[in-house]
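*Asks:* The opening position of the sequence shown corresponds to residue 1 in full-length UniProt numbering, with each subsequent residue numbered one higher.
Using N, Cα and C, we set each Cβ at its ideal position, and we do this for glycine too.
In this text the structure is predicted, and so the values were computed from the model without any measurement.
Quick one: this structure, given as structure tokens, is what I'll be asking you about.
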Amino acid sequence: MDFDLPETAVAVREGVAAVAAKYDHAYWSRCEDEHRFPAEAWRDLADGGWIGLCVPEEYGGGGAGMLELAVACETLAASGGTAGTFLYILTPGFGAMTLARHGTEEQRHQILPGVATGETQFCMALTEPDAGSNAIGIATSARVDGDELVIRGQKVWISGIENAQWMLVVARTTPAAEAKERLGSRTAGFTIALVDVPKALADGTLSYTPIPKLGGNVVTSSQVFLDDVRIPLSDVIGEVDQGFPVLWDVLNPERILAAAGGVGAAEVALRLAADYASEREVFGRPIGANQGIQFPLAQLKAKTELARLMTYKAAWLFDQGRPCGNETNIAKLTAAQVAWEAADRAFQTYGGMAYSKEYPIERLFRDSRIGKNIPVAEELILAHIGTQMLGLPRSY
Numbered sequence: 001m002d003f004d005l006p007e008t009a010v011a012v013r014e015g016v017a018a019v020a021a022k023y024d025h026a027y028w029s030r031c032e033d034e035h036r037f038p039a040e041a042w043r044d045l046a047d048g049g050w051i052g053l054c055v056p057e058e059y060g061g062g063g064a065g066m067l068e069l070a071v072a073c074e075t076l077a078a079s080g081g082t083a084g085t086f087l088y089i090l091t092p093g094f095g096a097m098t099l100a101r102h103g104t105e106e107q108r109h110q111i112l113p114g115v116a117t118g119e120t121q122f123c124m125a126l127t128e129p130d131a132g133s134n135a136i137g138i139a140t141s142a143r144v145d146g147d148e149l150v151i152r153g154q155k156v157w158i159s160g161i162e163n164a165q166w167m168l169v170v171a172r173t174t175p176a177a178e179a180k181e182r183l184g185s186r187t188a189g190f191t192i193a194l195v196d197v198p199k200a201l202a203d204g205t206l207s208y209t210p211i212p213k214l215g216g217n218v219v220t221s222s223q224v225f226l227d228d229v230r231i232p233l234s235d236v237i238g239e240v241d242q243g244f245p246v247l248w249d250v251l252n253p254e255r256i257l258a259a260a261g262g263v264g265a266a267e268v269a270l271r272l273a274a275d276y277a278s279e280r281e282v283f284g285r286p287i288g289a290n291q292g293i294q295f296p297l298a299q300l301k302a303k304t305e306l307a308r309l310m311t312y313k314a315a316w317l318f319d320q321g322r323p324c325g326n327e328t329n330i331a332k333l334t335a336a337q338v339a340w341e342a343a344d345r346a347f348q349t350y351g352g353m354a355y356s357k358e359y360p361i362e363r364l365f366r367d368s369r370i371g372k373n374i375p376v377a378e379e380l381i382l383a384h385i386g387t388q389m390l391g392l393p394r395s396y
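Now the structure itself:
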């Protein structure tokens with residue numbers, strides 16, 4: 001449903017759909033089963049300019065905004081490439097969007113042309129064993145040593161490091177206990193740094209261990225160990241000790257793209273369920289004629305359209321430079337919920353055949369479940385809505 005989408009976003013939808021049509025459900029299922037990065041799809045998307053959408057034109061990109069990027073992510077997921085949401089979050093979201101908005105001229109010139117062509121990939125290192133959504137509690141530390149930053153710590157659930165040339169790392173340059181007293185705020189004392197992944201792996205200061213997981217295996221998720229990784233201070237994003245505003249600006253695109261992927265995932269699950277329900281006959285008629293099958297699917301279609309509208313609204317507000325935290329959280333919450341509900345309902349519609357790898361339902365089922373937990377758990381979004389929008393007392 002296009003309503004008043006700008007022509008640029010419509011063109012993105014058509015362009016990404018044309019590329020995605022080359023990669024059927026069997027392709028994505030093979031990549032998943034083989035734990036293999038979808039290199040062919042990535043290359044085609046990059047060659048078409050659909051990865052470098054939000055890279056400014058002067059660095060070889062499309063100069064588009066978050067709305068166009070969200071439409072691209074949604075369209076790829078709706079084609080059946082539901083795990084492809086990671087492709088858009090990691091490099092265009094964490095990489096291109098962050099550097100375009102917060103990088104120095106030197107950083108942009110060095111890195112963004114490679115992002116525009118698809119030669120350069122990104123990952124993001126925030127989550128730790130004892131700190132996830134509670135980002136203020138991270139323990140990874142960094143210290144300034146001359147003209148270098150030295151980073152030490154452990155991260156977990158870091159996706160895509162095996163293909164990444166650059167990793168955004170969030171570290172504390174001032175301990176939490178000192179930040180409020182010395183810097184005036186408990187959110188001060190954070191620094192966001194660009195780590196050259198191949199270099200740090202080669203010199204032995206960076207290592208990672210993949211985590212076996214239920215789904216989303218087109219990218220690896222890993223424990224990451226930083227053992228005095230040294231980077232030049234010129235690779236800091238923003239300023240030392242002042243990284244939290246940058247981090248917050250990074251997290252909104254992540255949630256918008258996660259929401260877009262959820263909308264696409266719901267759309268493809270409903271389409272498969274509706275097609276199967278129209279063809280499958282029991283007791284002499286299609287099962288889709290039964291209200292017990294039809295009405296739940298119709299209800300989820302309505303929820304999908306609502307989640308899509310909120311996702312577009314959040315992306316549009318972000319592009320306008322307006323506050324969008326509430327809309328971003330609502331979009332992520334509703335899209336993740338409907339993606340999971342649609343996959344679950346598609347599973348029920350297919351009956352026992354949903355359990356078979358002959359059909360993509362089992363893969364969609366696994367891919368959709370994690371959205372309720374990442375990039376932020378729905379309980380924390382509900383807490384945000386309760387306290388920030390309804391004015392209820394804080395529970396944490």
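In angstroms, rounded to a whole number, what distance separates the CA positions of A171 and L251?
*Replies:* 15 Å
*Asks:* At the level of alpha carbons, what is the spacing between G61 and I287?
*Replies:* 48 Å
*Asks:* Compare the C-alpha of A269 against each of G351, F318 and A339 and name the closest.
*Replies:* Of the listed residues, the one whose Cα sits closest to A269 is A339.
*Asks:* Straight-line CA distance for I89 to E7?
*Replies:* 23 Å
*Asks:* Would you report the Cα separation of M1 and P38, rounded to the nearest angstrom?
*Replies:* Interpretation of M1 is limited by its pLDDT of 47, a score under 50 that renders its predicted location unreliable; no figure is taken from the coordinates.
*Asks:* In angstroms, rounded to a whole number, what distance separates the CA positions of G386 and N329?
*Replies:* 12 Å
*Asks:* Which residue from L53, R143, A342 and S278 puts its Cα closest to that of A307?
*Replies:* A342
*Asks:* Under 8 Å Cβ to Cβ from G65, same chain only, skipping five residues before and after it: list those, please.
*Replies:* C54, A315, F318 and D319
*Asks:* Exposed or buried, which one is E40 when buried takes at least 16 other CB atoms within 10 Å?
*Replies:* exposed
*Asks:* In angstroms, rounded to a whole number, what distance separates the CA positions of G215 and A77?
*Replies:* 15 Å
*Asks:* Between the region 92 to 111 and the region 240 to 256, can you find at least three pairs of beta-carbon atoms closer than 8 Å?
*Replies:* yes
*Asks:* Assuming A202 and V229 are in contact, meaning their beta carbons sit under 8 Å apart, how far apart are those beta carbons, in whole angstroms?
*Replies:* That belief does not hold up - the Cβ atoms of A202 and V229 are roughly 12 Å apart, past 8 Å.
*Asks:* So D44 and G80 are supposed to be a Cβ contact under 8 Å. How far apart are they, rounded?
*Replies:* 15 Å between Cβ atoms; not a contact.
*Asks:* Can you list the alpha helix (DSSP H) stretches of 4 or more residues lying completely in the region 314 to 361, in chain order?
*Replies:* 325 to 350
*Asks:* Check the DSSP bridge columns for P253 and list the partner residues they point to.
*Replies:* For P253, which the question treats as bridged, DSSP gives no partner whatsoever.
*Asks:* Between which two residues does the beta strand (DSSP E) holding A193 run?
*Replies:* F190 to D196
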